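*Asks:* One structure follows; several queries about it will come next.
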Amino acid sequence: MDIKSILLKKFGFEHFRVGQEEVIRNVISNRDTIAILPTGSGKSLCYQLPAYIKNGAVLIISPLVALMEDQVAIMKKNGEKRVVAINSFLAYKDRQRIMNRLDLYKFIFISPEMLMQNNVAEQIKKLKIAFIVVDEAHCISQWGFDFRPDYLRIGEFLKQLERPNILALTATADNQVLGDIINYLRLETPAVHKHSLDRKNISYSMKQMNSEHEKTAWILERTKKTAGPGIIYVASRKRADELAIYLKEHGISIASYHAGMEQEDRAFIQEQFITGEINWICATTAFGMGIHKNDIRQVIHENMSSTIAGYMQEVGRAGRDGDLSAATLLFTEEDIGKTRFIVQNDLPTETEVRHYFNLIKEGSSKNEATQLSGISETGTRIIDYYLERMPMESALLKIKEQKTEKEKQLQNMLHIINGENCIRKSLLKFYGETLVAAPASCCSVCGLGEEDWLFEMKRGNSTRQIVDWADRLARLLQS
DNA sequence: CGCACTAGTTATAAAACTAGTGCGGTGCTTTATT
1066 MDIKSILLKK
1076 FGFEHFRVGQ
1086 EEVIRNVISN
1096 RDTIAILPTG
1106 SGKSLCYQLP
1116 AYIKNGAVLI
1126 ISPLVALMED
1136 QVAIMKKNGE
1146 KRVVAINSFL
1156 AYKDRQRIMN
1166 RLDLYKFIFI
1176 SPEMLMQNNV
1186 AEQIKKLKIA
1196 FIVVDEAHCI
1206 SQWGFDFRPD
1216 YLRIGEFLKQ
1226 LERPNILALT
1236 ATADNQVLGD
1246 IINYLRLETP
1256 AVHKHSLDRK
1266 NISYSMKQMN
1276 SEHEKTAWIL
1286 ERTKKTAGPG
1296 IIYVASRKRA
1306 DELAIYLKEH
1316 GISIASYHAG
1326 MEQEDRAFIQ
1336 EQFITGEINW
1346 ICATTAFGMG
1356 IHKNDIRQVI
1366 HENMSSTIAG
1376 YMQEVGRAGR
1386 DGDLSAATLL
1396 FTEEDIGKTR
1406 FIVQNDLPTE
1416 TEVRHYFNLI
1426 KEGSSKNEAT
1436 QLSGISETGT
1446 RIIDYYLERM
1456 PMESALLKIK
1466 EQKTEKEKQL
1476 QNMLHIINGE
1486 NCIRKSLLKF
1496 YGETLVAAPA
1506 SCCSVCGLGE
1516 EDWLFEMKRG
1526 NSTRQIVDWA
1536 DRLARLLQS
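Heads up: the first sequence begins at 1066 in our numbering, then just goes up one per residue.
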């Protein structure tokens, strides 16, 4: 059966969306593939369709338990029964039952951590696997070096299987991230599908402020007078709660969201935001992955991001429907030191690493060594990863490199914030793209701010008309 | 690093100052014990 008829029969679509068909053809022809496709462009079809052509199960490595559960639920709703997620949500008994009959499933969702467990790995090795999917593959770069080293181990593990082909999926990847994906998944001459990251309907602005107070006042004004739905990203959990309460007291429909909350509450708030019961979300970086909401009009950053990659991920959640949207970043001079501290702090110092190493050598347990050396639990997991592979001096060097890399990323962000060049152009340049034509509402450097249409939207005018207006203006300026 | 907060100091007491301390993101997993 050809893929078009499967598309129609299994999924009910007449045509592929942009990018899908090429990716699917690569997967079918047994080639390692990296697909950088925007969220909401139908990434899951890229592995679901080939799954029905090939023999064996599809293993989908996913970063979040909540995300897996969502995807399993959707697939079941669509009539696919042979789908399961292996994670800590499973009751012991269910897990035993499922692990013993893994061969019954066509789609198996799993976290990298679970995959590394011996008993799980043994069961997986027995399976006939059609191909492997690494969903949200940028997590390798973004989280693997920081606190989830099992992301770095995926490639090694897959080598033990009969090297099934790999499909890596993500929405954004600069060359650095792309390199990490290739290296750590050990991809062999992968086909890379990349589309432009230029989002014409997002207008970027960056504003320097003198104090936290000024930021708060600006955000209140903005949320009161301009259109939502929107996300406000803040730097700490405490601030997320406080700002949400403050804005709520001033009549804004808003809730906070961060990793310090119960899973249940997080899911509930996310749901309310998606359905429109809540207009704004005040969140840490915990919010966003796997959120399907097309009409987000604004993303406000109350602080600078520590990396451009992270900023692009967060900002990219705006305007998936194609209508005009605004991305606004506020910052003060003081933010720089604070941001630097947060990203550098979790990496242990040389003294701490040596102390930890000696304790282990002298026979201390891992727990003891962690406690006595004063290194965070996540920190020791990173050290362990290196120490398993190289002598201590090399491990120390790796951690040092990691610190340098973090500083470089922060400098890249600062460069854009303080730069005098068009923000869109600078962001695209970071991803190796050249800006062809700037839209009317480009960015705060280009001087075509977003204010007017944002206030208009609040008054209830259709955004579609406003897009037309912006297009007309763009054409006028070009001619 | 830098901000916010607390405890201690001063010495008519009250408020105001100083020094010290705490706090700061992202998520998977999960044993034996409350």
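Ideal placement from N, C-alpha and C gives every residue a C-beta, glycine not left out.
Computed from a prediction, not measured in an experiment: that's the story for all the values here.
For the segment 1494 to 1520, which segments carrying the beta strand (DSSP E) assignment without a break, of at least 3 residues, lie completely within its bounds, in sequence order?
*Replies:* Counting only runs of 3 or more, we get nothing.
*Asks:* How far does the alpha helix (DSSP H) with residue 1283 in it reach, from first residue to last?
*Replies:* Taking the first sequence and counting its residues from 1, the one referred to as residue 1283 is at position 218. Here the alpha helix (DSSP H) through residue 1283 covers 1277 to 1290.
*Asks:* Can you give me the start and stop residues for the alpha helix (DSSP H) that residue 1225 sits inside?
*Replies:* Your numbering for residue 1225 matches position 160 in the first sequence. Per DSSP, residue 1225 belongs to the alpha helix (DSSP H) from 1215 to 1225.
*Asks:* In three-state terms, what does DSSP make of residue 1347?
*Replies:* As a position in the first sequence, residue 1347 is number 282, starting the count at 1. Strand, per DSSP.
*Asks:* Please check the pair residue 1386 and residue 1411, which I expect to be a contact at CB under 8 Å, by giving their CB distance rounded to whole angstroms.
*Replies:* Position 321 of the first sequence holds residue 1386. Position 346 of the first sequence holds residue 1411. 37 Å between Cβ atoms; not a contact.
*Asks:* In whole angstroms, give me the CA-to-CA distance for residue 1175 and residue 1188.
*Replies:* Locating residue 1175 in the first sequence gives position 110, where the first residue counts as 1. Locating residue 1188 in the first sequence gives position 123, where the first residue counts as 1. Each residue's alpha carbon lies about 13 Å from the other.
*Asks:* Note the first and the last residue of the continuous beta strand (DSSP E) segment covering residue 1273.
*Replies:* Residue numbering aside, residue 1273 sits at position 208 when the first sequence is read from its first letter. That run of the beta strand (DSSP E) goes 1267 to 1273.
*Asks:* Could you say if the segment 1247 to 1266 and the segment 1222 to 1231 meet the contact criterion of at least three C-beta pairs nearer than 8 Å?
*Replies:* Yes, the segment 1247 to 1266 touches the segment 1222 to 1231.
*Asks:* For residue 1337, tell me which candidate among 1357, 1325 and 1350 has the shortest Cα-Cα distance.
*Replies:* One-based indexing of the first sequence puts residue 1337 at position 272. For the residues 1357, 1325 and 1350, the minimum Cα distance to residue 1337 belongs to 1357.
*Asks:* Expressed to the nearest angstrom, what Euclidean distance is found between the alpha-carbon atoms of residue 1224 and residue 1185?
*Replies:* Within the first sequence, the letter at position 159 stands for residue 1224. Within the first sequence, the letter at position 120 stands for residue 1185. Cα to Cα, residue 1224 sits roughly 16 Å from residue 1185.
*Asks:* On the DSSP bridge assignment, give the partners of residue 1394 in chain order.
*Replies:* One-based indexing of the first sequence puts residue 1394 at position 329. 1271 and 1366, per the DSSP bridge assignment.
*Asks:* Distance check for residue 1238 and residue 1200, CA to CA, integer angstroms please.
*Replies:* Stepping through the first sequence from its first residue, residue 1200 is reached at position 135. Stepping through the first sequence from its first residue, residue 1238 is reached at position 173. So the alpha carbons of these two residues sit roughly 13 Å apart.
*Asks:* Here's a check: name, in chain order, each residue in its chain whose Cβ is nearer than 7 Å to the Cβ of residue 1290, leaving out the five neighbours to either side.
*Replies:* Start at 1 with the first residue of the first sequence, and residue 1290 comes out as number 225. Here the set comprises 1520 and 1523.
*Asks:* Taking buried to mean at least 16 other C-beta atoms within 10 Å of its own C-beta, is residue 1497 buried or exposed?
*Replies:* To locate residue 1497, count along the first sequence from 1; it is residue 432. Exposed: under 16 other Cβ atoms inside 10 Å.
*Asks:* From the DSSP output, read off the bridge partner residues of residue 1109.
*Replies:* Taking the first sequence and counting its residues from 1, one reaches residue 1109 at position 44. DSSP lists no partner for residue 1109.
*Asks:* Rounding to the nearest angstrom, what Cα-Cα distance links residue 1247 and residue 1426 in this structure?
*Replies:* Against the first sequence, residue 1247 aligns to sequence position 182. Against the first sequence, residue 1426 aligns to sequence position 361. Answer to the nearest angstrom: the Cα atoms are 34 Å apart.
*Asks:* So, is residue 1502 buried or exposed, given that buried needs 16 or more other C-beta atoms within 10 angstroms?
*Replies:* The residue you call residue 1502 lines up with position 437 of the first sequence. Residue 1502 comes out exposed.
*Asks:* Specify, as a first and last residue, the run of the beta strand (DSSP E) that residue 1172 falls within.
*Replies:* Your numbering for residue 1172 matches position 107 in the first sequence. Residues 1172 to 1175.
*Asks:* What does a CB cutoff of less than 7 Å around residue 1400 pick up in its chain, not counting 5 residues either side in sequence?
*Replies:* Sequence index remark: in the first sequence, residue 1400 carries index 335 (1-based). For residue 1400, where only same-chain residues beyond five positions count, the Cβ hits under 7 Å are 1368 and 1369.
*Asks:* Expressed to the nearest angstrom, what Euclidean distance is found between the alpha-carbon atoms of residue 1384 and residue 1103?
*Replies:* Here residue 1384 corresponds to residue number 319 of the first sequence, with the count starting at 1. Here residue 1103 corresponds to residue number 38 of the first sequence, with the count starting at 1. The straight-line gap from Cα to Cα measures roughly 12 Å.
*Asks:* With a cut-off of 8 Å, do at least 3 Cβ pairs link the segment 1450 to 1465 to the segment 1413 to 1423?
*Replies:* Because the criterion of three Cβ pairs below 8 Å is met, the segment 1450 to 1465 and the segment 1413 to 1423 touch.
*Asks:* Taking 7 Å as the cut-off, decide whether the C-beta atoms of residue 1362 and residue 1434 are in contact.
*Replies:* For the purposes of this step, residue 1362 is taken as residue 297 along the first sequence, with counting starting at 1. For the purposes of this step, residue 1434 is taken as residue 369 along the first sequence, with counting starting at 1. Contact: no.
*Asks:* From the DSSP output, in three-state form, read off residue 1081 for me.
*Replies:* Here residue 1081 corresponds to residue number 16 of the first sequence, with the count starting at 1. If DSSP states are grouped into helix, strand and coil, residue 1081 belongs with coil.
*Asks:* Leaving out the 5 sequence neighbours to the left and right, which residues in its chain are closer than 8 Å to residue 1341 when beta-carbon positions are compared?
*Replies:* Locating residue 1341 in the first sequence gives position 276, where the first residue counts as 1. Cβ within range, chain order: 1294.
*Asks:* Mind the definition here: the segment 1098 to 1114 touches the segment 1076 to 1088 only if three or more C-beta pairs lie below 8 Å; say whether that holds.
*Replies:* Yes, the segment 1098 to 1114 touches the segment 1076 to 1088.
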